[in-house]
Amino acid sequence: MPQPSDGINSANRPAPTAGPHHALMSRRRRWIASALIAIIGVGHLVDISFNASIARFNRRRAAGLESNRAADFPWYVRVGSEHWPFSPYPMYSYLTGSTYQVIRMVGVRADDGSEFELHGSMLPMGETAMRYTLNKLSRRPDDARLRKVLGDCLRRYESMRTTAGRSSPKVAAMRVYRLEWTLSSRADPGRAADRRDLLAEFPQSED
Amino acid sequence: MDATSVGDESASLWRRVWCAPARPVNLGFCRLIFFGWLAAFYFSVDFSWAAGAPASLWKPVWLFQVLHLGVLPENTLDAMQILFRIALVMSCIGLLTRGATAAAFIAGIYLLGLGHNFGKTGHGDAALVWTMGILALSRCGDAWSIDRLIRVARRRGGGGGGVAWPGRGPIQRPVISAEYTWPIRAVWLVLSCVFFGAGVSKLAKSGMDWVFSDNFSNLLIQHHYIYHPMTRLGLWIADHPALCMMLAAGTILIELAFPLVLISRIARTVLAPAMFLIQIGIGIMLSVWFTQFIVCYLFFVPWDRLGAAIARTLRRLAPGRHVVFYDGQCGLCQASVRMLQSLDWLGKFDYRDAANDWTAISARFPALDREACLRDMHAIDPAGRIRAGFDAYRRFARALPVMWPLVPLAHLPGAATIGRRVYRWIADHRVRACALDGSHVT
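Those sequence lines, one after another, are chains L and A.
Okay, so the first sequence: first residue is 62 according to the working numbering, each after it adds one.
Okay, so the second sequence: first residue is 6 according to the working numbering, each after it adds one.
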């Protein structure tokens with residue numbers, strides 16, 4: 062056996078035959094670990110399989126192969142399609158078309174009537190979540206809920222503007238637009254939308 | 006193959022996956038980096054916005070519905086996020102690890118979950134919550150932690166679960182246990198669920214059109230209308246349909262195959278880095294960064310083998326060993342040796358008990374004096390120089406990577422004078438406080 066460079070033996074080091082000490086898990090600890098592993102695995106599998114079943118059902122229905130039988134998944138439909146922190150992780154799973162639509166909320170300046178985009182701390186919550194929420198609301202047949210949310214956002218904006226002493230402009234109204242681009246490889250964040258539809262407006266005077 | 010052998014095979018596979026004994030190093034180091042990363046990430050994230058968010062936007066997720074959780078008042082949220090950050094830091098350094106990781110998990114599941122109650126369920130932080138939960142139930146504080154150092158100094162066992170250090174004397178035998186395996190594998194399971202779910206969702210919602218249409222190309226272009234990706238690479242790829250289809254097919258294949266990481270080392274070697282690169286690619290091309298999530302990949306790194314390779318390299322660069330002579334009758338000296346051994350990642354130290362093993366020591370090191378070795382800790386460095394007391398410790402600091410930040414401080418003007426006096430005082434007063442069996446030490 063090669064000696065260390067200074068030729069010193071390490072008499073106090075454990076003998077090579079001793080090896081590591083194997084500490085066994087107690088039965089209770091094994092149960093705890095197994096239960097956690099089962100919860101993670103089974104919970105995710107339930108979400109994944111239900112989500113896949115509903116997606117398959119929806120695709121067949123869209124193709125005219127299935128009638129509307131949402132009652133097949135009553136529990137899942139009732140409690141929602143995701144059960145955070147479980148999830149079927151459906152991000153980017155839908156097919157994208159040749160156009161791209163985005164819902165955008167803007168404020169209308171009280172002084173000159175011009176519009177400015179609301180982002181970051183001017184919004185009551187994260188930009189992606191805000192876009193997503195507005196998008197869902199904009200698909201409803203009536204705009205009452207969308208207008209209520211707009212009114213709430215306006216009050217929130219004004220409250221933050223006045224209490225925090227921000228330099229943000231006073232707004233006369235909040236508006237929601239649907240912007241649409243036809244996809245092209247010249248895409249750019251500064252590129253004006255090919256189409257711009259006003260979905261709802263909530264003027265300050267209505268508050 | 007009959008049913009019994011299938012059952013045996015399954016049980017054997019289960020044991021190999023979840024119960025293979027391992028040293029605590031990997032789990033401890035993963036804990037340190039994971040919570041350190043989260044502490045850095047969430048240090049500047051303010052969760053109190055939820056207190057002022059309009060009620061019309063509130064749409065509770067399942068967990069908040071079941072537990073009847075609502076939005077707490079702003080000052081309570083402020084206090085909770087301070088607690089969360091403190092818990093993350095304490096979990097990182099391994100101070101009161103069990104309590105800190107449990108507090109981080111409980112505060113984390115509420116604070117991270119809160120944002121999902123406002124219209125959109127995000128997918129970047131659920132894996133973090135599960136990982137915090139797994140670590141809270143694990144023995145992750147048994148290595149790379151202050152708790153471990155305290156336990157070693159107090160000699161209360163570092164193996165976790167009240168497992169006492171085996172063997173007598175200050176020298177420790179390493180501990181292996183399934184306790185240090187299952188938490189890491191459980192994080193692998195979480196990531197497998199994430200990616201497998203994503204793969205299944207794509208096939209279920211879009212079928213093979215997700216691959217064999219212009220879907221992937223459109224996806225790459227879309228994000229350039231609202232985000233600012235760091236390169237135009239996505240648009241370039243979008244102009245090459247065959248490449249888009251290959252990338253789309255590769256993505257789904259890797260996602261669906263990801264659960265193989267649980268049972269195959271080859272799969273781990275291929276799929277974990279591939280998925281990591283996909284997520285980096287998404288960040289570069291779509292400007293969607295999974296910043297907090299990306300830390301979960303560190304659970305795939307074999308830190309113990311990596312550390313051993315680094316240690317071997319460093320030992321080759323600076324060969325030779327230090328020999329430490331301590332008083333085996335003194336509790337404080339034994340604790341010091343145990344601490345040294347805990348911090349000696351490079352294996353640079355040998356230990357000699359001057360109280361009980363003097364015959365062998367004097368035969369090999371005739372220049373040493375027994376009384377002096379019992380009075381002050383002595384050390385011989387690889388060059389053969391003898392140092393004692395504070396000077397020995399100052400030399401130890403240079404040989405212990407974790408102590409390197411202290412080396413400049415120990416060489417400041419006046420540090421040696423103060424250090425020697427402090428050492429002298431402690432050495433002279435250790436008899437009453439630390440003698441193991443009441444025997445006279447000095």
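The C-beta atom is built at its ideal place from N, Cα and C for all residues, glycine as well.
Could you tell me if residue 112 of chain L is buried or exposed, where buried requires 16 or more neighbouring beta carbons within 10 angstroms of its beta carbon?
buried
Buried/exposed call for residue 330 of chain A, threshold 16 Cβ in 10 Å:
buried
Just reading off the beta strand (DSSP E) that residue 161 of chain L is part of, what are its end residues?
160-170
For residue 263 of chain L, which beta-bridge partners are listed by DSSP?
L:235
State the start and end residues of the unbroken beta strand (DSSP E) segment that holds residue 391 of chain A.
391-393
Going by DSSP in three states, residue 301 of chain A sits in which element: helix, strand or coil?
helix
Span of the beta strand (DSSP E), counted from its first residue to its last, around residue 357 of chain A
354-358
Contacting positions in the segment 205-239 of chain L - beta carbon closer than 7 angstroms to chain A:
209, 210, 213, 214 and 217
Closer than 7 angstroms at the beta carbon, the chain A residues around residue 246 of chain L
226, 240, 243 and 244
In chain order, what are the residue ranges of uninterrupted alpha helix (DSSP H) at least 4 long that sit wholly in the segment 128-165 of chain A?
131-141 and 151-159
Can you tell me the Cα-Cα spacing of residue 280 of chain A and residue 214 of chain A, whole angstroms?
22 angstroms
Fully enclosed by the segment 225-296 of chain A, which alpha helix (DSSP H) runs are 4 residues long or longer?
238-243, 246-262 and 270-291
Residue 67 of chain A: which of L:185, L:194, L:261 and L:104 sits nearest, CA to CA?
L:104
Tell me, please, which residues DSSP counts as bridged to residue 2 of chain L.
In the structure as shown, chain L begins at 62 and stops at 268. Residue 2 of chain L is therefore absent and cannot be evaluated.
Could you check whether residue 28 of chain A and residue 185 of chain A sit closer than 8 angstroms to each other, using their CB atoms as the reference points?
yes
What residues are listed by DSSP as bridge partners for residue 182 of chain A?
A:27
Could you tell me whether the Cβ atoms of residue 101 of chain L and residue 149 of chain L are closer together than 8 angstroms?
no
Determine the closest residue to residue 118 of chain L out of A:208, A:133 and A:44, with distance taken between C-alpha atoms.
A:208
From the DSSP output, in three-state form, read off residue 172 of chain A for me.
Annotation note: pLDDT 39 at residue 172 of chain A (below 50); position unreliable, coordinate value reported separately. If DSSP states are grouped into helix, strand and coil, residue 172 of chain A belongs with coil.
Using a Cβ cut-off of 9 angstroms, pull out every chain L residue sitting near residue 214 of chain A, in sequence order please.
156
Excluding the 5 residues flanking residue 191 of chain A on each side, which residues of the same chain have their C-beta closer than 7 angstroms to its C-beta?
139
Judging by CA-CA distance, which residue of A:125, A:380, A:335 and A:228 is the nearest neighbour of residue 287 of chain A?
A:228
Answer with buried or exposed for residue 79 of chain A, where buried requires no fewer than 16 other C-beta atoms within 10 angstroms of its C-beta.
exposed
Any Cβ of chain B within less than 8 angstroms of the Cβ of residue 143 of chain L?
In summary, chain B is missing from the structure at hand, where the protein chains are L and A.
If you drop the 5 nearest sequence neighbours on each side, which residues of the same chain put their C-beta closer than 6 angstroms to that of residue 395 of chain A?
424, 425 and 428
For the 8 angstroms Cβ check, are there 3 or more pairs between the segment 253-263 of chain A and the segment 319-338 of chain A?
no
Any idea which residues DSSP pairs residue 329 of chain A with across the strands?
A:356 and A:384
Of all the CB atoms in chain L, is at least one closer than 8 angstroms to the CB of residue 277 of chain A?
no
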